[in-house]
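Asker: Numbering (our numbering), first residue to last: 209 to 613.
A virtual CB, placed ideally from N, CA and C, is assigned to each residue, including glycine.
Just passing along the structure, written as structure tokens.
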């Protein structure tokens with residue numbers, strides 16, 4: 209299930225695993241007539257779905273005779289918000305696409321001939337789709353908008369929308385990893401957070417989510433009052449992830465220009481360390497062990513901690529599946545006042561690292577990769593030893609020389 213909508217607007221809908229668009233007052237379903245028969249997405253077995261590059265752009269493929277009918281759903285802010293439903297005929301033969309369940313806007317009038325061989329709701333529309341072409345329908349979010357102004361074919365296409373979401377999500381950090389599915393999972397978590405807002409069931413999750421929203425560009429000042437009560441609860445806990453949450457709030461306070469709050473959080477961290485409650489971070493096993501729960505922000509934090517954690521670069525080492533593959537990490541938190549970017553390039557079995565720190569430079573190490581490497585330089589490059597430990601990775605979710613900013 210994927211949420212679709214537009215940030216800054218209230219309208220939301222859910223795209224089901226069958227490509228149905230479920231909003232507060234309606235549910236839009238779809239079916240396709242191929243040469244052999246009608247194929248109803250809700251009933252077919254051969255239905256596959258993915259999110260495009262992790263964005264809230266959902267592609268649902270349904271097998272038809274000699275090919276696929278491909279449905280895509282995305283939302284745009286135009287005309288007070290519009291959700292676009294596109295059906296592409298990825299087969300060599302013509303098909304007819306039926307959509308039903310809500311008032312829909314189309315480029316051209318739908319067929320006036322009732323569909324044969326299937327019972328559809330009275331509001332169903334049927335659109336012919338030639339081979340290797342597509343048709344679009346649209347749902348207007350604002351009923352007060354003149355529908356004649358909305359021409360679905362003139363709205364931004366799905367690829368442009370997916371790229372826009374990705375750019376927004378990478379405002380916090382950018383991960384170019386051998387495991388593309390993992391990088392997309394981070395994008396998906398951030399997009400969901402922007403659309404769904406922070407979880408409110410657990411104060412610790414709330415803190416992680418709000419801090420991540422600020423990293424994504426939401427105004428820190430507006431969110432600071434919302435963090436007061438959750439952080440007071442979190443600070444009393446002995447959970448191993450509390451220090452991560454406190455550091456995230458400290459960064460948020462700095463972004464808001466709230467020196468008093470930043471100082472107070474720093475004092476809480478120091479007190480926890482003196483009391484022996486904050487000395488051990490949450491254990492890091494492998495990226496394969498990172499699971500997304502209720503909090504998108506906590507998931508992102510857990511992934512980033514496997515890439516940089518308080519000055520330790522790649523604290524769990526380099527996964528066996530990543531050996532020999534170049535990868536890049538941009539602006540991942542390395543401390544309260546520091547983010548780090550780095551790129552890994554391979555020279556035989558030895559990884560070379562190019563790094564750059566932003567903010568207050570701190571000491572960087574990589575004991576799980578090369579325990580002899582230590583630097584406090586703001587940027588530089590080094591040739592690490594060949595990795596010793598072999599780690600498995602099951603999730604399947606820089607230019608040579610110079611700066612990597």
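Which ranges would you report for the beta strand (DSSP E) in the stretch 505 to 590 if only whole runs of at least 3 residues count?
Answerer: 535 to 541, 546 to 555, 558 to 567, 572 to 574, 578 to 583
Asker: Quick check on DSSP: helix, strand or coil for residue 487?
Answerer: The residue labelled residue 487 in the question sits at position 279 within the chain shown. For residue 487, the pLDDT reaches just 49, beneath the cut-off of 50, and the residue's location in the model is therefore unreliable, leaving the point undetermined.
Asker: Taking the alpha-carbon of residue 321 as reference, which of 315, 375, 306 has the nearest alpha-carbon?
Answerer: Translated into the one-based positions of the chain shown, residue 321 becomes position 113. Nearest in C-alpha terms to residue 321, of all of 315, 375, 306, is 306.
Asker: Go through its chain and collect everything with a Cβ distance to residue 403's Cβ below 8 angstroms, but skip five positions before and after it.
Answerer: Within the chain shown, residue 403 is the residue found at index 195, counting from 1. Within the same chain, residue 403 has close Cβ partners 211, 212, 213, 215, 220, 264.
Asker: Judging by CA-CA distance, which residue of 521, 239, 209 is the nearest neighbour of residue 257?
Answerer: In the chain shown, the residue the question calls residue 257 occupies position 49. It is 209 whose Cα lies nearest to the Cα of residue 257.
Asker: Grab me the residues of residue 487's own chain with a C-beta within less than 8 angstroms of its C-beta, minus the 5 sequence neighbours each way, in chain order.
Answerer: Position 279 of the chain shown, counting from 1, holds the residue named residue 487. Residue placement at residue 487 is flagged as unreliable, the pLDDT there being 49, under the threshold of 50; a coordinate-derived value is accordingly withheld.
Asker: Might you give, ordered along the chain, the residues of its own chain that have their beta carbon closer than 7 angstroms to the beta carbon of residue 619, omitting 5 neighbours on each side?
Answerer: The chain is shown only over 209 to 613; residue 619 falls outside these bounds and no answer can be derived.
Asker: In chain order, what residues of the same chain lie with their CB nearer than 7 angstroms to the CB of residue 442, ignoring the 5 residues before and after it?
Answerer: Taking the first residue of the chain shown as position 1, residue 442 is located at position 234. Around residue 442: 411, 412, 415, 450, 453.
Asker: Using the Cα positions of residue 222 and residue 500, report the straight-line distance between them to the nearest angstrom.
Answerer: As a working mapping, residue 222 is identified with position 14 in the chain shown. As a working mapping, residue 500 is identified with position 292 in the chain shown. Rounded to the nearest angstrom, the two C-alpha atoms are 19 angstroms apart.
Asker: Is it buried or exposed, residue 436, if we count other Cβ atoms within 10 angstroms and call 16 or more buried?
Answerer: Along the chain shown, read from residue 1 onward, the residue named residue 436 stands at position 228. Answer is exposed; the Cβ neighbour count stays below 16.
Asker: In the DSSP output, what is residue 345 paired with across the bridge?
Answerer: Locating residue 345 in the chain shown gives position 137, where the first residue counts as 1. For residue 345, which the question treats as bridged, DSSP gives the partners 293, 314.
Asker: Could you give the distance in angstroms between the alpha-carbon of residue 582 and the alpha-carbon of residue 574?
Answerer: Within the chain shown, numbered from 1, the residue matching residue 582 stands at position 374. Within the chain shown, numbered from 1, the residue matching residue 574 stands at position 366. Rounded to the nearest whole angstrom, the CA to CA distance from residue 582 to residue 574 is 8 angstroms.
Asker: Candidates 283, 513, 519: which alpha carbon is nearest residue 217's?
Answerer: For the purposes of this step, residue 217 is taken as residue 9 along the chain shown, with counting starting at 1. Out of 283, 513, 519, 283 has the C-alpha closest to the C-alpha of residue 217.
Asker: Taking all protein chains shown into account, decide if residue 586 is buried (16 or more other Cβ within 10 angstroms of its Cβ) or exposed.
Answerer: The count along the chain shown starts at 1 and reaches residue 586 at position 378. Exposed.
Asker: What is the DSSP secondary structure of residue 270, reduced to helix, strand or coil?
Answerer: By one-based count along the chain shown, residue 270 stands at place 62. Three-state DSSP puts residue 270 in a strand.
Asker: In terms of residue numbering, what span does the alpha helix (DSSP H) encompassing residue 457 cover?
Answerer: Translated into positions along the chain shown, residue 457 becomes position 249. Where residue 457 is concerned, the enclosing alpha helix (DSSP H) stretches over 450 to 464.
Asker: Quickly, what does DSSP pair residue 283 with across the bridge? List them, please.
Answerer: For this step, residue 283 is matched to residue 75 along the chain shown. Under DSSP, the beta-bridge partners assigned to residue 283 are 291.
Asker: According to DSSP, is residue 598 part of a helix, a strand, or is it coil?
Answerer: Within the chain shown, numbered from 1, the residue matching residue 598 stands at position 390. Here residue 598 scores only 46 on pLDDT, less than 50, and its place in the model should not be relied on; the value that follows carries that caveat. Residue 598 carries a coil assignment under DSSP once its states are collapsed to helix, strand and coil.
Asker: Pick helix, strand or coil for residue 237, following the three-state DSSP scheme.
Answerer: As a working note, residue 237 is residue 29 in the chain shown. In this structure, residue 237 counts as strand in the three-state DSSP scheme.
Asker: Three Cβ pairs or more, each shorter than 8 angstroms: is that satisfied between the stretch 270 to 279 and the stretch 289 to 302?
Answerer: yes
Asker: Under 9 angstroms, do residue 545 and residue 567 count as touching if we go by C-beta distance?
Answerer: Residue numbering aside, residue 545 sits at position 337 when the chain shown is read from its first letter. Residue numbering aside, residue 567 sits at position 359 when the chain shown is read from its first letter. Yes, these two residues count as a Cβ contact at 9 angstroms.
Asker: For a quick check, are the C-beta atoms of residue 622 and residue 358 less than 9 angstroms apart?
Answerer: For residue 622 there is no data in the structure shown, the boundaries of the chain being 209 and 613.
Asker: Ignore the nearest five residues each way along the sequence and tell me which others in residue 438's own chain have a CB closer than 7 angstroms to its CB.
Answerer: Here the question's residue 438 lines up with position 230 in the chain shown. For residue 438, where only same-chain residues beyond five positions count, the Cβ hits under 7 angstroms are 411, 414, 415.
Asker: Runs of 4 residues minimum, wholly inside the stretch 399 to 451: which ones carry the alpha helix (DSSP H) assignment?
Answerer: 411 to 423, 428 to 443
Asker: Taking 8 angstroms as the line, does the beta carbon of residue 495 fall inside it for any heavy atom of the ligand NAD?
Answerer: With respect to small molecules bound, the structure shown includes none, and the ligand NAD cannot be examined in it.
Asker: Tell me which same chain residues have a C-beta within less than 6 angstroms of the C-beta of residue 460, skipping the five on either side of it?
Answerer: Your numbering for residue 460 matches position 252 in the chain shown. So the qualifying residues of the chain are 419, 422, 428.
Asker: If we ignore side chains and look at the alpha-carbon of each, how far apart do residue 346 and residue 331 end up?
Answerer: As a working note, residue 346 is residue 138 in the chain shown. As a working note, residue 331 is residue 123 in the chain shown. The alpha-carbon atoms of residue 346 and residue 331 are separated by roughly 14 angstroms.
Asker: How close, in whole Å, do the beta carbons of residue 527 and residue 495 come, if the pair is a contact with beta carbons under 8 angstroms?
Answerer: One-based indexing of the chain shown puts residue 527 at position 319. One-based indexing of the chain shown puts residue 495 at position 287. Contact holds; Cβ gap of about 7 angstroms.
Asker: Taking just the CA atoms, how far does residue 379 sit from residue 424?
Answerer: As a first step, residue 424 is located in the chain shown; it is residue number 216 there, counting from the start. As a first step, residue 379 is located in the chain shown; it is residue number 171 there, counting from the start. Rounded to the nearest angstrom, the two C-alpha atoms are 6 angstroms apart.
Asker: Nearest by alpha-carbon distance to residue 281: which of 532, 319, 225, 287 is it?
Answerer: The residue given as residue 281 occupies position 73 in the chain shown. Minimum Cα distance to residue 281 is reached at 225.
Asker: What is the DSSP secondary structure of residue 326, reduced to helix, strand or coil?
Answerer: Residue mapping note: residue 326 aligns to position 118 of the chain shown, counting from 1. It is coil, neither helix nor strand.
Asker: Skipping 5 residues on each side, what residues in its chain have a beta carbon closer than 7 angstroms to that of residue 591?
Answerer: Within the chain shown, the letter at position 383 stands for residue 591. Counting only Cβ-Cβ distances below 7 angstroms, and skipping sequence neighbours, we find 555, 558, 560.
Asker: Does the distance from the CB of residue 576 to the CB of residue 541 come in under 9 angstroms?
Answerer: Reading the chain shown from its first residue, position 368 is the one you call residue 576. Reading the chain shown from its first residue, position 333 is the one you call residue 541. No, the pair does not count as a contact, with Cβ atoms beyond the cut-off.
Asker: Assuming residue 353 contacts residue 288 (C-beta within less than 8 angstroms), just tell me the rounded distance between them.
Answerer: As a first step, residue 353 is located in the chain shown; it is residue number 145 there, counting from the start. As a first step, residue 288 is located in the chain shown; it is residue number 80 there, counting from the start. Contact holds; Cβ gap of about 5 angstroms.
Asker: Contact check, residue 227 vs residue 268 under 8 angstroms by CB: the rounded distance?
Answerer: Sequence index remark: in the chain shown, residue 227 carries index 19 (1-based). Sequence index remark: in the chain shown, residue 268 carries index 60 (1-based). With a Cβ gap of about 3 angstroms, residue 227 and residue 268 count as contacting.
Asker: Which same chain residues end up closer than 7 angstroms to residue 543 when comparing Cβ atoms and leaving out the 5 residues on each side of it in sequence?
Answerer: Indexing the chain shown from 1 puts residue 543 at position 335. Counting only Cβ-Cβ distances below 7 angstroms, and skipping sequence neighbours, we find 518, 519, 570.
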